[in-house]
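Beneath this line is the structure, given in structure tokens, with notes to follow.
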Amino acid sequence: MGRKILLVTTDQQRYDTLGCNGGLLSRTPVVDRLAAEGIRFERAHPQSVVCMPSRSTILTGQHPSTHGVWMNGVPLPTDAPSVAEELHRAGYRTSLIGKAHFEPFLDPFFRFGENSLAQTGTEPPGGRHRGFEHLELATHGVLGPLHYARWMMAEHPEALGGFYPAIDGSLQVNAAGGGDTDAPQVKVNPIDRDLYHTDWVADRTMAWLDSLGADEDWFCWMSFPDPHHPWDPPESEVGRVDWREVPLPAGYPEDRAEREAILDAKPRHWRLWYDGTLVSNYEAPADWVPATLTADQVREVNARNAVECELIDEALGRVLDRIAERGWADDLDVVFTTDHGELQGDFGLLFKGPYHVDALMRIPLVWRPAPSAAAVPAVVSRPVGLVDLAPTFCAIAGIGAPGWMQGGSLPVDDLDAGARGFERVLTEWDSELFGIDVHLRTLMRDHWVCSAYRPGTSHDGTEGELYDLDDDPRQQVNRWDDPAAAAVKADLLSDLWDHQPPTRSPRLPLEAPV
Amino acid sequence: MTAKRGSVRHAVRLACPPDAVWALVGAPERVAEWFPGIASCTVDGDQRVVMTGSGLPMPERLLTVDPTLRRFQYRITAPMFVEHLSTIDVHDLGDGTCLAVYSVDVDPAPLALVIGGAARAGLEGLAGLLGLETAPVATATPR
């Protein structure tokens, strides 16, 4: 009998939303305990700051350029390499429960298997989908064809109207406001807590675990859709965090002139989006102007986000209890992370986009190795990426990482990280939406964040961002054109271009907005 | 601001005479044979209703079925579409091959990506039904 693997992902969760990472707003004792017992990563970064490319990186162990999913709406080919398939071949039972999003959601023709699967059950045709033999899927609400939505429609139709309609009548991401402050993507949701998708994901995970034999090894990807917008957690739980008492984030300059001066020192698409004159990607509500965001709206969004993080933590606690009841606790590896962050008020912005700063790029990552492995608790400050997860799962399972994986098994401490060359992390962005193109490549190394822009709608290819995290942890001072930083910039750029991953050819087509 | 209307165009060169492709494209009732995700369809005069794989009926008005130009045009008239026009042209390249071009123009813009993505798969479906090797489909950047 080998080690079991529970991969827990959330969606769009910031680093600073966990207590173990210094967060004060949400209480996350379950993840905090895992961090205390295991390895907490202070500089974990996604290879893309939107869902489909990032999740494809987790599954394939490849950078977006290589697996080819360059933006939401580009489906990962069904024959793409998959760590789940590797684990299945090694004898693991495999499941994915919650949000997958390797294939577009907007799919009236049901061209994509994830959307049609729920009509037929939980076991995919042919026995596995991307290496998973069991899938029960959900997304951020009750629209669409996935298992959670179908269950809600069948069993609790009275509760459907409580959710925020994530998409408006024009199929754009909804800009409508709600709550006490009219904040975008906020809604009071009277749904019972135990019907909300966070608890559903935990319940279905436990049901699948209950179906397994005691001696079986398993890999379960438990994938919570929250705390991604919309922010519509069960109303009964909203009182946990009074938004009126939420401090403004350190990254939110309350003074408008200060805020706009910071934005003006960045490449121009930052300010253009803030002013509502350029929306570069579908994920940002097209009809919402960030400059209208108020301090109280930032507070309310952060409060609701914190509630959603707490519900996830509690749901994870229930699953861990069930695993202990099954007698698997000593052999259980838990990896907790997310696909990317959320601006959540930083720079006066919400949501996400081509903005490679810590709000979106610094993500929670905790690996609690199986107690039977007798790992020593540690904090890793060297940079790691989601691209390193797949080889980590292979290492846990005792199998070699296939050559197509581009990362390395996560280090167990900084000494290990240094010895094995964990020096840099790469992140990339490519968006092309109705004539607006943005392309950037980012290197995170030492205490620097260096982003280079390729030619696009708003950029001529000479722009960039350079931040010294030691002196400027909030990335408010762009040193790209600072002569004093010219040498380090040249070194970082050289490193960035020298380490670009191979590019898939031909390029995969965009098949849907999301 | 983002575009209200979106346009997407896909094209594929097929190693067969244009009439072989037109025999499929120009027969509205045969769309389910080559367009992935269409389970069935009914045609009544210039009205066609396709039933998508998700069970969504999608009513259409057929505008042009021109065997001389080998041009097929239709509008989807379902309520979620403010306006839609799709055009399929089959061009004779004069060497025993042809170029099939599928153009999609939609308000609201996000639906252009949805219909356009399906259209690209449709071109691959045409090639597959004709027993032709599927070559990469040329794509125009969504505008």
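Residue numbers (the numbering used here), protein chains in the order written: chain Z, 1 to 514; chain D, 515 to 657.
Glycine residues also receive a C-beta, built at the ideal position from the N, C-alpha and C atoms.
Shown here, methionine 1 of chain Z sits in coil according to DSSP, grouped into three states, outside any helix or strand. Chain Z places a beta carbon closer than 8 Å to that of valine 628 of chain D, counting this residue as a contact. DSSP places isoleucine 39 of chain Z in the strand class (E or B) of the three-state scheme. Serine 600 of chain D is outside the set of residues whose beta carbon lies under 8 Å from a beta carbon in chain Z.
Identification of chain D residues near phenylalanine 102 of chain Z by a Cβ-Cβ cut-off of 7 Å yields none; the smallest Cβ-Cβ distance measures about 15 Å. No residue range can be given for glycine 131 of chain Z, since it is assigned to no beta strand (DSSP E) and is classified by DSSP as neither H nor E.
Interface residue (Cβ-Cβ distance to chain Z less than 8 Å): glycine 520 of chain D is classified as such. Our two residues, glutamate 308 of chain Z and arginine 14 of chain Z, have alpha carbons roughly 12 Å apart in a direct line. Counting only the Cα atoms, valine 563 of chain D lies some 14 Å from leucine 577 of chain D. In terms of Cα proximity to aspartate 558 of chain D, the closest of D/Gly551, D/Arg575, D/Ser568 is D/Arg575. Beta bridge pairing from DSSP links leucine 466 of chain Z with Z/Cys450. Look at histidine 45 of chain Z here: in three-state DSSP terms it is strand. Per DSSP, the unbroken alpha helix (DSSP H) holding tryptophan 208 of chain Z starts and ends at 197-210. Annotation: alanine 183 of chain Z to threonine 292 of chain Z spans about 10 Å, alpha carbon to alpha carbon. The beta carbon of phenylalanine 109 of chain Z falls within 8 Å of a beta carbon belonging to chain D, placing the residue at that interface. Short of 7 Å from the beta carbon of leucine 272 of chain Z, and not among the five residues preceding or following it, lie these beta carbons of its own chain, in chain order: Leu278, Ser458. With contacts defined by Cβ atoms closer than 8 Å, proline 285 of chain Z and asparagine 174 of chain Z form a contacting pair.
Taking the C-beta atoms as reference points, leucine 360 of chain Z is found nearer than 8 Å to histidine 340 of chain Z.
In the DSSP assignment, glutamine 119 of chain Z is bridged to no other residue. If you draw a straight line from the Cα of glycine 540 of chain D to the Cα of threonine 566 of chain D, it is about 20 Å long. In this structure, DSSP gives phenylalanine 393 of chain Z a helical state, which the three-state scheme calls helix.
Proximity of chain D to serine 116 of chain Z at the Cβ level (cut-off 7 Å) is accounted for by Gly567, in chain order. Note that the region 584-594 of chain D does not touch the region 61-71 of chain Z; fewer than 3 beta-carbon pairs, one per stretch, sit closer than 8 Å.
Residue pairing of proline 473 of chain Z in beta bridges, as defined by DSSP: absent, with no partner found.
Restricting attention to alpha helix (DSSP H) runs no shorter than 4 residues, the region 250-297 of chain Z encloses them at 256-264, 269-274, ordered along the chain. By the Cβ criterion, the region 519-530 of chain D is in contact with the region 622-641 of chain D, since at least three pairs of Cβ atoms, one from each stretch, lie closer than 8 Å. Residues of the same chain with a CB within less than 6 Å of the CB of leucine 510 of chain Z, apart from the 5 flanking positions on each side, are Gly73, Val74 in chain order. For proline 509 of chain Z, the nearest beta carbon of chain D is closer than 8 Å to its own beta carbon. Residue pairing from DSSP places arginine 441 of chain Z in a beta bridge opposite Z/Glu428, Z/Ala452. Annotation: the continuous beta strand (DSSP E) that includes aspartate 621 of chain D extends over 612-621. Contiguous alpha helix (DSSP H) elements confined to the region 322-390 of chain Z occur at 358-361, taking only those with 4 or more residues. Leucine 343 of chain Z sits away from leucine 332 of chain Z, with the two beta carbons spaced by 8 Å or more. Between the region 81-92 of chain Z and the region 218-225 of chain Z, the count of Cβ pairs shorter than 8 Å is three or higher; the stretches touch. Bridge pairing for phenylalanine 422 of chain Z: absent [DSSP]. Here DSSP, grouped into helix, strand and coil, assigns glycine 178 of chain Z to strand.
Under the Cβ distance rule, glutamine 172 of chain Z counts among the residues neighbouring chain D, one pair being separated by less than 8 Å.
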